[in-house]
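Be aware that the sequence shown starts at 0, since it is given in numbering that gives the first Met the number 0, and climbs by one per residue.
All C-beta atoms, glycine included, are put in the ideal place defined by N, C-alpha and C.
Since the structure is predicted, the reported quantities are computational estimates derived from the model, not experimental observations.
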Amino acid sequence: MRATSISWLLSGTLFLEFVFSFLSKNPNILLYLFRGFSIAIFPIALTTDWIVAGVERKYWGDIISPGIFYVTSLNLLIIAPAIYAVFLLFVESRGKASALRKQCFLLSLGTLLSSLMGYLTTILPRILLDGNLSFPPLSGSASVIQSVCIFIAIAKYGFLEIRLERIALQLYSKLREGVILLSQNGDLLYWNQSGREMLGLSANSPPPEKLDLSSYLEGFPVKPFARMDFRSKTPKVSAEASVLDIMLPSSQTRFLEVSRSEIPLSGRDKGHVFILRDVTDKKEASEKISLLYSRVVKDLDIAREVQNTITTQAFPESDKYKVYSYFRPYDHVGGDVLNCSETKDGCIEVLFADVSGHGISSAMVAAMASIAFSVVSRRGSPPKEGLLFTNDLLTSVVTQHFISAVYLKYDPSSRMLEYSYAGHHPGLLLRNGEAQEIPGKGGVLLAVGTPILEEYKIVLRPGDRVLFYSDGLFEVRGSKGVPMGNATLIEAVRKLSFQDSENLIRSLVSYSESFGDGVMTDDLTLFCLEIKG
Numbered sequence: 000m001r002a003t004s005i006s007w008l009l010s011g012t013l014f015l016e017f018v019f020s021f022l023s024k025n026p027n028i029l030l031y032l033f034r035g036f037s038i039a040i041f042p043i044a045l046t047t048d049w050i051v052a053g054v055e056r057k058y059w060g061d062i063i064s065p066g067i068f069y070v071t072s073l074n075l076l077i078i079a080p081a082i083y084a085v086f087l088l089f090v091e092s093r094g095k096a097s098a099l100r101k102q103c104f105l106l107s108l109g110t111l112l113s114s115l116m117g118y119l120t121t122i123l124p125r126i127l128l129d130g131n132l133s134f135p136p137l138s139g140s141a142s143v144i145q146s147v148c149i150f151i152a153i154a155k156y157g158f159l160e161i162r163l164e165r166i167a168l169q170l171y172s173k174l175r176e177g178v179i180l181l182s183q184n185g186d187l188l189y190w191n192q193s194g195r196e197m198l199g200l201s202a203n204s205p206p207p208e209k210l211d212l213s214s215y216l217e218g219f220p221v222k223p224f225a226r227m228d229f230r231s232k233t234p235k236v237s238a239e240a241s242v243l244d245i246m247l248p249s250s251q252t253r254f255l256e257v258s259r260s261e262i263p264l265s266g267r268d269k270g271h272v273f274i275l276r277d278v279t280d281k282k283e284a285s286e287k288i289s290l291l292y293s294r295v296v297k298d299l300d301i302a303r304e305v306q307n308t309i310t311t312q313a314f315p316e317s318d319k320y321k322v323y324s325y326f327r328p329y330d331h332v333g334g335d336v337l338n339c340s341e342t343k344d345g346c347i348e349v350l351f352a353d354v355s356g357h358g359i360s361s362a363m364v365a366a367m368a369s370i371a372f373s374v375v376s377r378r379g380s381p382p383k384e385g386l387l388f389t390n391d392l393l394t395s396v397v398t399q400h401f402i403s404a405v406y407l408k409y410d411p412s413s414r415m416l417e418y419s420y421a422g423h424h425p426g427l428l429l430r431n432g433e434a435q436e437i438p439g440k441g442g443v444l445l446a447v448g449t450p451i452l453e454e455y456k457i458v459l460r461p462g463d464r465v466l467f468y469s470d471g472l473f474e475v476r477g478s479k480g481v482p483m484g485n486a487t488l489i490e491a492v493r494k495l496s497f498q499d500s501e502n503l504i505r506s507l508v509s510y511s512e513s514f515g516d517g518v519m520t521d522d523l524t525l526f527c528l529e530i531k532g
């Protein structure tokens with residue numbers, strides 16, 4: 000009976016323990032003191048009459064007969080812990096999110112009402128009436144009020160799994176990313192220091208009841224989204240701002256990547272958590288890269304126009320021959336060279352070359368080779384001398400590339416084809432449905448020393464076709480990584496030689512693309528000289 004009559008002695012310390020857990024505070028000296036008082040006083044109350052002297056019968060029921068230390072024990076173990084708990088709730092709730100402040104308010108209100116009613120109806124009358132009560136105490140009813148306030152805090156705002164949630168909030172406060180938690184109605188439940196700074200708010204600014212992100216981020220949508228980039232709105236300039244403040248750009252303008260997720264809250268509602276990342280440096284770097292890339296693309300377009308200008312587009316026309324061609328660079332510009340010119344005596348000269356590598360540097364060397372060809376063709380030099388002249392002209396300028404080439408000179412009157420190879424693979428002679436290699440060899444241009452070249456001649460017949468192509472046509476790789484090879488391409492030419500020259504070129508390009516699954520790894524250039532009767 001005595002044990003049940005003194006169980007209330009532990010309620011104050013237990014409530015203080017709850018407040019420490021709710022606020023995720025480490026125990027301090029005061030909590031240890033209250034724990035010690037509870038442990039010390041409880042066995043005293045259990046074994047002596049100093050705190051509880053006995054039980055009295057009143058018209059409303061049985062009540063405790065107070066001992067000499069009854070009021071002191073109540074003040075020490077009930078009232079003092081309650082006052083300290085309310086103080087902690089008030090101090091810790093300042094500057095926190097709206098929902099947490101409301102929770103602390105409900106806990107404080109319930110505790111104050113409970114303590115006040117218990118003190119006025121239980122402790123104070125015993126002090127004034129020498130321990131006698133003439134009316135029923137309301138301490139039990141006061142406990143009901145405190146329980147109702149706690150229930151409202153749990154049901155409306157939710158703080159189940161308090162310790163884990165508070166630890167999570169402490170972790171969020173240390174993150175560099177901004178974390179903002181809103182209810183479905185836009186109530187601000189939580190934000191960390193980084194989130195405030197990214198929105199342009201100072202650390203001392205009071206948290207608003209509701210937070211509308213569209214007021215801080217340009218183009219923030221009403222509809223749900225997973226991840227988007229936004230620009231923070233520039234703060235309005237106050238009337239007191241100086242002229243210098245108005246003229247200088249705001250350093251608070253940021254680019255933010257915002258991720259949005261819907262999460263269930265501990266209560267009945269759902270909320271939305273927004274993760275903010277400052278991507279200002281990334282955005283500025285991306286814009287600089289985009290600007291640089293656009294300039295490079297523009298320069299490449301100009302380079303392509305230049306290359307198209309120096310690459311022969313319109314070939315000489317004659318009733319004794321016809322020229323067909325195909326040119327497609329690997330990128331905006333390429334390293335293949337195809338130039339053709341007609342001499343005063345009616346002959347045509349052709350430079351078919353391939354510069355090593357890709358890109359702008361190869362295109363520059365190709366342009367130099369084209370210019371050198373225009374000089375050689377005006378001089379009327381034989382093919383071998385034309386290649387040697389090109390090598391001598393460029394060897395002191397070009398150091399990182401070499402050129403494989405073939406120089407052709409065709410005389411329609413005699414049908415004589417003179418040519419010289421400089422490291423280029425042999426061309427093909429299509430005659431009577433057969434395809435055979437045009438013999439010859441020679442060293443590449445721009446290599447170490449002067450290349451060893453030879454000059455060759457063959458007489459063509461009506462109906463013959465001379466076909467030259469760059470190595471990009473047969474260096475494609477199949478699905479298993481095996482390259483096509485020149486031998487496979489020659490066999491394809493033999494099978495397709497029944498087609499006219501224009502369709503033959505198209506078929507060879509299609510055959511190469513289909514072999515490589517549409518992936519080409521080099522420039523494509525084809526040249527076909529068809530001899531008429």
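>> In this structure, how does DSSP classify residue 202 when only helix, strand and coil are distinguished?
In response: In the sequence shown, counting from the first residue as 1, residue 202 sits at position 203. DSSP places residue 202 in coil when its eight states are reduced to three.
> alpha helix (DSSP H) containing residue 364: first to last residue?
Replying inline: By 1-based counting over the sequence shown, the position of residue 364 is 365. First-last of the alpha helix (DSSP H) with residue 364: 358-378.
>> I'd like to confirm the pairing. Which residues does DSSP put opposite residue 229 in its beta bridges?
In response: Against the sequence shown, residue 229 aligns to sequence position 230. 255.
> Quick one, which of 516, 223, 221 and 214 has its alpha-carbon nearest residue 232's?
Replying inline: Residue 232 sits at position 233 when you count from the first residue of the sequence shown. Checked all of 516, 223, 221 and 214; the closest Cα to residue 232 is 214.
> How many Å lie between residue 183 and residue 190 at the Cα?
Replying inline: Residue numbering aside, residue 183 sits at position 184 when the sequence shown is read from its first letter. Residue numbering aside, residue 190 sits at position 191 when the sequence shown is read from its first letter. Their Cα atoms are separated by approximately 15 angstroms.
> Does DSSP classify residue 182 as helix, strand or coil?
Replying inline: Translated into positions along the sequence shown, residue 182 becomes position 183. Residue 182 falls in the strand class under three-state DSSP.
>> Quick check on residue 432: buried or exposed, where buried means 16 or more other Cβ atoms within 10 Å of its Cβ?
In response: Reading the sequence shown from its first residue, position 433 is the one you call residue 432. The residue is exposed, with fewer than 16 neighbouring Cβ atoms inside 10 Å.
> With 16 as the cutoff for other CB atoms within 10 Å, does residue 39 come out buried or exposed?
Replying inline: In the sequence shown, residue 39 corresponds to position 40, counting from 1. Answer is exposed; the Cβ neighbour count stays below 16.
> By how many angstroms is the C-alpha of residue 416 removed from the C-alpha of residue 464?
Replying inline: Working through the sequence shown from its first residue, we reach residue 464 at position 465. Working through the sequence shown from its first residue, we reach residue 416 at position 417. Using only the alpha carbons, I get a separation of about 12 angstroms.
> Can the beta-carbon of residue 22 be found less than 7 angstroms from the beta-carbon of residue 91?
Replying inline: Taking the first residue of the sequence shown as 1, we reach residue 22 at position 23. Taking the first residue of the sequence shown as 1, we reach residue 91 at position 92. Yes, the pair counts as a contact, with Cβ atoms nearer than the cut-off.
> Who are the Cβ neighbours of residue 367 in its own chain at under 6 angstroms, not counting the five residues just before and after it?
Replying inline: Start at 1 with the first residue of the sequence shown, and residue 367 comes out as number 368. Answer for residue 367: 393, listed in chain order.
> Closest to residue 343 by CA distance: which of 402, 274, 253 and 376 is it?
Replying inline: The count along the sequence shown starts at 1 and reaches residue 343 at position 344. Nearest C-alpha to residue 343: 376.
> For the beta strand (DSSP E) that residue 415 lies in, which residues bound it at each end?
Replying inline: Working through the sequence shown from its first residue, we reach residue 415 at position 416. Residue 415 -> beta strand (DSSP E) spans 415-421.
>> Could you tell me the alpha carbon to alpha carbon distance between residue 325 and residue 470, rounded to whole angstroms?
In response: Counted from its first residue, the sequence shown places residue 325 at position 326. Counted from its first residue, the sequence shown places residue 470 at position 471. Computed Cα separation, rounded: 14 angstroms.
> Among 526, 180 and 358, which one has its Cα closest to the Cα of residue 334?
Replying inline: Walking along the sequence shown from the start, residue 334 turns up at place 335. Nearest C-alpha to residue 334: 358.
> Using DSSP with H/G/I as helix, E/B as strand and the rest coil, what is residue 108?
Replying inline: Indexing the sequence shown from 1 puts residue 108 at position 109. In the structure shown, residue 108 sits in a helix (DSSP, three-state: H, G or I).
> Per DSSP, which one or two residues make a beta bridge with residue 271?
Replying inline: One-based indexing of the sequence shown puts residue 271 at position 272. Answer by DSSP bridge pairing, in chain order: 181 and 261.
> Which whole-angstrom value is the C-beta distance of residue 529 and residue 320, which I expect to be below 8 angstroms?
Replying inline: One-based indexing of the sequence shown puts residue 529 at position 530. One-based indexing of the sequence shown puts residue 320 at position 321. Indeed, because the Cβ distance is near 6 angstroms, the residues count as touching under 8 angstroms.
> Do residue 50 and residue 68 have their C-beta atoms closer together than 7 angstroms?
Replying inline: One-based indexing of the sequence shown puts residue 50 at position 51. One-based indexing of the sequence shown puts residue 68 at position 69. Yes, the Cβ-Cβ distance between residue 50 and residue 68 is below 7 angstroms.
> Excluding the five sequence neighbours on either side, which residues of its own chain have a C-beta within less than 8 angstroms of the C-beta of residue 521, listed in chain order?
Replying inline: As a working note, residue 521 is residue 522 in the sequence shown. Answer for residue 521: 329, 357, 469, 470, 471 and 474, listed in chain order.
> Got a sec? Which residues, its chain only, sit under 6 angstroms from residue 439 by beta carbon, not counting five neighbours each side?
Replying inline: As a working note, residue 439 is residue 440 in the sequence shown. Result list for residue 439: 420 and 455, in chain order.
> What do you reckon, are the CB atoms on residue 337 and residue 524 nearer than 7 angstroms?
Replying inline: In the sequence shown, counting from the first residue as 1, residue 337 sits at position 338. In the sequence shown, counting from the first residue as 1, residue 524 sits at position 525. For residue 337 and residue 524, yes; Cβs fall inside 7 angstroms.
> Quick one: Cα of residue 479 to Cα of residue 487, how far?
Replying inline: In the sequence shown, residue 479 corresponds to position 480, counting from 1. In the sequence shown, residue 487 corresponds to position 488, counting from 1. Approximately 16 angstroms between the Cα atoms of the pair.
> residue 34: which of 66, 46 and 79 sits nearest, CA to CA?
Replying inline: Residue mapping note: residue 34 aligns to position 35 of the sequence shown, counting from 1. Here the closest residue by C-alpha is 79.
>> I need the boundaries of the alpha helix (DSSP H) containing residue 329, first residue and last residue.
In response: Here residue 329 corresponds to residue number 330 of the sequence shown, with the count starting at 1. Taken as a continuous stretch (DSSP letters only), residue 329 belongs to no alpha helix (DSSP H), as it is neither H nor E.
>> Considering Cα atoms alone, identify which of 107, 518, 174 and 500 is closest to residue 531.
In response: Residue 531 sits at position 532 when you count from the first residue of the sequence shown. Closest by alpha carbon: 500.
> What's the C-alpha gap between residue 151 and residue 104?
Replying inline: Here residue 151 is taken as the residue at index 152 of the sequence shown, counted from 1. Here residue 104 is taken as the residue at index 105 of the sequence shown, counted from 1. If you take the alpha carbons of residue 151 and residue 104, they lie about 11 angstroms apart.
>> Any beta carbon of chain C sitting closer than 7 angstroms to that of residue 508?
In response: Of the chains in the structure shown, none is chain C; there is only one protein chain.
> Where do the N-terminal and C-terminal ends of the beta strand (DSSP E) with residue 408 fall, by residue?
Replying inline: The sequence position of residue 408 within the sequence shown is 409, counting from 1. Note, residue 408: beta strand (DSSP E), 402-410.
> Would you call residue 29 buried or exposed, if buried means 16 or more other Cβ atoms sit within 10 Å of its Cβ?
Replying inline: Position 30 of the sequence shown holds residue 29. So residue 29 counts as exposed.
> Fully enclosed by the region 295-322, which beta strand (DSSP E) runs are 3 residues long or longer?
Replying inline: none
> Which value, in whole angstroms, describes the spacing of the CA atoms of residue 514 and residue 389?
Replying inline: Locating residue 514 in the sequence shown gives position 515, counting from the first residue. Locating residue 389 in the sequence shown gives position 390, counting from the first residue. Going by the C-alpha atoms only, they are around 35 angstroms apart.
> Where DSSP assigns a beta bridge to residue 529, which residues make up the other side?
Replying inline: Here residue 529 refers to the residue found at position 530 of the sequence shown. For residue 529, which the question treats as bridged, DSSP gives the partners 321 and 464.
>> I need the boundaries of the alpha helix (DSSP H) containing residue 391, first residue and last residue.
In response: Here residue 391 is taken as the residue at index 392 of the sequence shown, counted from 1. Start and end: 382-393.
>> Measuring straight from C-alpha to C-alpha, what distance separates residue 246 and residue 203?
In response: Position 247 of the sequence shown holds residue 246. Position 204 of the sequence shown holds residue 203. The predicted model places residue 246 with a pLDDT of 40, which falls under 50 and marks its position as unreliable; any figure quoted below should be read in that light. The alpha-carbon atoms of residue 246 and residue 203 are separated by roughly 27 angstroms.
>> Suppose the cutoff is 8 angstroms on Cβ atoms and the five residues either side in sequence are ignored; what does the same chain contact list for residue 322 look like?
In response: Your numbering for residue 322 matches position 323 in the sequence shown. For residue 322, where only same-chain residues beyond five positions count, the Cβ hits under 8 angstroms are 314, 315, 339, 347, 526, 527, 528 and 529.
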